[in-house]
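The UniProt record's numbering applies: residue 1 is where the sequence shown begins, and numbers increase by one.
C-beta atoms are modelled at their ideal positions from N, C-alpha and C, and glycine is treated no differently.
Predicted, not measured: the structure shown is a model, and the values here were computed from it.
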Amino acid sequence: MVARSLSPSVPADEPDAKRRKTNGAEHDFYPGLFDEANVASLNAQYAESGPYKHAVVPLLFSNELLKKVKDEILENVRFTEKETDIYKVHQTGDLASLSYLTSEQLALFPSLLKLREALYSPEFRQFMRDVTGCGPLSGKKQDMSVNSYRKGCHLLNHDDVIGTRRVSYILYMPLPLGQPWKPEWGGALELYPVKSLPDGSLEPECKPTKIIPPSWNQFIFFEIQPGRSFHSVEEVVVNEADNQRQRLSISGWFHRPQEGEDGYDPDDVPKEKSSLQQLSTSSKSQLQYDLGIPTPTEELILSDNDRTYLSQFLNPIYLESRAIDALSARFAEKSNLELHTFLNKSLAAELEVRLKELDVKSNIAHRSDKQIPSHDYGSDAPGWELAGPPHRFRYYQGTDKLAGQPGAGGIIHRLRTELFSSPAFRSWLSIVARLIPTGYAVTARRFRPGLDYTLASAVEVDDRLDVCLGLTPGAADQGGWDNENWGGWECYMAPHEGEDDPEVYKTAKAGPKSSNAAKQVATTTNSEGESEAKAEPESDDEDEDASGTLLTVYPNFNHLVIALRDPGVLKFVKYVSASAPVSRWDISAEWEVTMLEDGEDSGADGE
1 MVARSLSPSV PADEPDAKRR KTNGAEHDFY PGLFDEANVA SLNAQYAESG PYKHAVVPLL
61 FSNELLKKVK DEILENVRFT EKETDIYKVH QTGDLASLSY LTSEQLALFP SLLKLREALY
121 SPEFRQFMRD VTGCGPLSGK KQDMSVNSYR KGCHLLNHDD VIGTRRVSYI LYMPLPLGQP
181 WKPEWGGALE LYPVKSLPDG SLEPECKPTK IIPPSWNQFI FFEIQPGRSF HSVEEVVVNE
241 ADNQRQRLSI SGWFHRPQEG EDGYDPDDVP KEKSSLQQLS TSSKSQLQYD LGIPTPTEEL
301 ILSDNDRTYL SQFLNPIYLE SRAIDALSAR FAEKSNLELH TFLNKSLAAE LEVRLKELDV
361 KSNIAHRSDK QIPSHDYGSD APGWELAGPP HRFRYYQGTD KLAGQPGAGG IIHRLRTELF
421 SSPAFRSWLS IVARLIPTGY AVTARRFRPG LDYTLASAVE VDDRLDVCLG LTPGAADQGG
481 WDNENWGGWE CYMAPHEGED DPEVYKTAKA GPKSSNAAKQ VATTTNSEGE SEAKAEPESD
541 DEDEDASGTL LTVYPNFNHL VIALRDPGVL KFVKYVSASA PVSRWDISAE WEVTMLEDGE
601 DSGADGE
């Protein structure tokens, strides 16, 4: 471990170096914290705060103690980089484990131990209750960790509801010490308002209304409310540089009293579902169109009329019987395909140019030098609307107002409504997959840099056939998409078991590696410039890696992915980093399917 210089000690005559004694224990809280006037002021601010009640304490501890804590963390604590669908962060283990260290190990953390005991002391827990008006808090269950948000780190929307948690808190120690953290560096805490749904339930709005940048020794806390306390951490976009610049914090929770403690009530548990439970219990998604089950011969032959219709959109190679048969055989073996250069050359070329124009326009209006864009990014593109709720997903989706528009909007609308929705494409898909599509939903999506994503969710009943046409412009010429730096990949993961915290959600990958099963059928160009089918070689590697990843697909342009998804399989689009120069664009469809009857077969030959 590289040695780091210690912070200079604070002179004893400094006001914030005064020590406060409570029941014989030194806590080093900032002077005046527990004064009645200060507590009353914080209580009033808490009651009037929005979008839900929260408190901001500008200075919690003495600088002398917090600087020592910072030094002990940087010198002696090991961080592990963790990345899942909902976050990317460098994190320590639970600091409750400090109690199990040897005396020699404990000697490395005298100030950190003092801070931990101060936070969970009876006096401070009473202070928290006086400010928030919440019920009793446990001193026995101590739940906290150190988090380092460096460039690219983020935490997406969730409500913190799990188990016996009652109050969430964050203590900030942004580095380097002595240099104020600039808001344009990211890392702000974002709080979201909620809206009522017709059934009386609540969901968060897509945009935060309270943004709180971090500052040294700042302490933020709020009572956890199921369906209300939605928050996120903005991506950090500044490099660490030579001064170890990072958004360092200690965060954790105060829990309800545990068995044996005063105030313990076994029935005092949240009855509403947490944001995590709402995701993990998601059921059959709403299909936009119910096509019904075709007659035995209706959808199983690709007629000449079908080929003529599809030729408006598709690369001609994918309409040849030989290629279709190869695709069908490959899909039967692997249950997923990747098709490159799926659209015909002229259509793809025009669309890519027009999509680049939209991103250039948005970048000029709403971001600068790859910094976090405003939440209005993309709002100036007519025909697109912001979709949520953000504890499930956030992106811009195309509407019917795109119809007839010049440029990219009109082309995308045609692909969504004339290609994906056509009987001819349904026939082509049924032959390739050897399944009968009976209903579907299709959405044109724009995932904006620094803002958009989908969180892991699963369909609980019935198989689904996913079809996604990647339309991210210039992806083949930019290295950031396929080396993890920009996010935006779509990932399929095996089902997990157990109730996991959204902040330790077990959908992590060892790294977003493209699955061997994803390397299916590509197209190449021969010396005459004509497309020809190419089946890529099989691999002896397993299709599922140790982290449960079944398939990972990076943003690409003119790239179709077909995947059969079993019930319970999780799927998400990773948050698109603010470092990405353009949006991730796609058209995503989900088909309800039935199996072919025995003796029924499909064919690519026209009648």
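For residue i and residue j, what's the separation of their Cα atoms in angstroms?
i: H158; j: S232; result: 7 Å
i: A332; j: R322; result: 16 Å
i: G32; j: G488; result: 47 Å
i: G480; j: Q225; result: 38 Å
i: P449; j: T472; result: 12 Å
i: F127; j: V39; result: 7 Å
i: R256; j: G133; result: 14 Å
i: P581; j: L156; result: 20 Å
i: L347; j: H54; result: 52 Å
i: F447; j: S362; result: 13 Å
i: H413; j: L402; result: 6 Å
i: P390; j: L451; result: 10 Å
i: E484; j: Y575; result: 11 Å
i: G50; j: V56; result: 12 Å
i: Q218; j: D268; result: 30 Å
i: residue 609; j: D400; result: Nothing about residue 609 can be read from this structure; the chain reaches only from 1 to 607.
i: S328; j: G163; result: 47 Å
i: R150; j: E234; result: 11 Å
i: A533; j: S335; result: Caution is warranted here: a pLDDT of 39 is assigned to A533, below 50, making its placement in the model unreliable, and no coordinate value can be reported.
i: L551; j: T308; result: 33 Å
i: A387; j: R584; result: 15 Å
i: R330; j: I324; result: 10 Å
i: C153; j: T84; result: 11 Å
i: Q179; j: E75; result: 20 Å
i: N558; j: N344; result: 9 Å
i: S121; j: K67; result: 21 Å
Go through its chain and collect everything with a Cβ distance to residue i's Cβ below 7 Å, but skip five positions before and after it.
i: V77; result: T92, V146
i: S374; result: H366
i: K140; result: Q258, E261
i: T72; result: Before going further, note that residue 72 is Glu rather than Thr in the sequence given. Closer than 7 Å at the Cβ level, and outside the excluded window around E72, lie L108, F109, S111, L112.
Is residue i near the ligand PLP, judged by its Cβ being under 7 Å from some heavy atom?
i: R584; result: As far as ligands go, the structure on display features none, and thus does not contain the ligand PLP.
Would you mind working out which of the options sits nearest residue i, comparing C-alpha positions?
i: K114; options: L137, D85, L65; result: L65
i: D94; options: T80, K210, V167; result: T80
i: P214; options: N239, L59, K334; result: L59
i: K182; options: G439, R426, V236; result: V236
i: V238; options: E590, S577, S583, R584; result: S577
i: E590; options: R584, Y377, T552, V459; result: V459
i: T438; options: F425, L570, A444; result: F425
i: F230; options: P204, V569, S368; result: P204
i: V69; options: E36, H154, E117, I162; result: E117
i: F254; options: G470, P423, L171, R125; result: R125
i: F342; options: P316, K207, P555; result: P316
i: R166; options: C206, E223, W216; result: E223
i: E357; options: Q244, G383, G409; result: G409
i: G404; options: R394, R392, G383, F393; result: G383
i: V89; options: D359, D462, G187, P208; result: G187
i: H496; options: S579, K571, D35, D462; result: K571
For residue i, I'd like the list of residues in its chain whose CB is within less than 6 Å of its CB, leaving aside the five on either flank, ordered along the chain.
i: C468; result: V561, D586, S588
i: R228; result: Y52, V194
i: A96; result: Q142
i: R464; result: R565, E590
i: Y87; result: L155
i: G606; result: Confidence at G606 is low in this model, with a pLDDT of 49, below 50, so the placement of that residue is unreliable and no value is reported for it.
i: D28; result: R19, F61, S62, L65
i: E490; result: V553, V573
i: D306; result: A424, S427
i: V131; result: L42, N43, Y46, A55
Please look up how many angstroms separate the CB atoms of residue i and residue j, rounded, as I've assumed it's under 8 Å.
i: F221; j: S168; result: 6 Å
i: A456; j: Q397; result: No, A456 and Q397 are not in contact; Cβ-Cβ is about 19 Å, not under 8 Å.
i: Y492; j: A433; result: Incorrect: roughly 16 Å between the Cβ atoms, too far for contact.
i: L189; j: I170; result: 7 Å
i: Q371; j: E240; result: Incorrect: roughly 16 Å between the Cβ atoms, too far for contact.
If you drop the 5 nearest sequence neighbours on each side, which residues of the same chain put their C-beta closer than 8 Å to that of residue i?
i: R129; result: G135, P136, L137
i: E385; result: Y396, Q397, T399
i: D265; result: R256, P257
i: L98; result: L106, F109, L112, L113, R116
Quick one: does residue i have its CB under 8 Å from some CB of chain B?
i: T472; result: In the displayed structure, chain B is absent; only one protein chain is listed.
Worksheet item: Does the segment 165-176 come within contact of the segment 236-254, defined as at least 3 CB pairs closer than 8 Å?
Response: yes
Worksheet item: Contact between the segment 475-487 and the segment 414-424: three or more CB pairs below 8 Å?
Response: no
Item to complete: State whether the segment 377-387 contacts the segment 343-355, with contact taken as three or more CB pairs (one from each stretch) at a distance under 8 Å.
Response: no
Fill in: contact_flag[the segment 98-115, the segment 199-211] where n(CB pairs < 8 Å) is 3 or more
no
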